[in-house]
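Every letter in the sequence shown is one number past the one before it in this note's numbering, and letter 7, counting from 1, is -1. Where a beta carbon is used, it is the ideal one built from N, C-alpha and C, also for glycine. Below is one structure, written out as structure tokens; the observations come after it.
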Amino acid sequence: MKHKPYRQNPTVIDTLKKARPPPGEITPINMNCLIILISFSVPFCLSAFFASGLFLRLLVFLKS
């Protein structure tokens, strides 16, 4: 009886998976996350800008 080698961790290479996009390319999922992040962060930035009085200081500076 021949001995068959037994592998503890057989690796399976899935050739149907797509390769990663090249660096710098924005995928649709990343674009959606970016749009959501911007749409949530802009109101907070604006409210902090107006609440801290920076807007009024800017107006006074521009008038003088």
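task = Give the secondary structure of Ala11 by DSSP, where H, G and I count as helix, E and B as strand, and everything else as coil.
result = Ala11: coil per DSSP, three-state reduction.
Euclidean distance between Cα positions of Pro51 and Phe42 = Sequence inspection shows Leu at residue 51; the Pro mentioned does not correspond to that position. Looking at the two C-alpha atoms, the distance is approximately 12 Å.
message = By the DSSP assignment, the alpha helix (DSSP H) with Lys55 in it spans what residues?
response = Segment 46 to 55, the alpha helix (DSSP H) holding Lys55.
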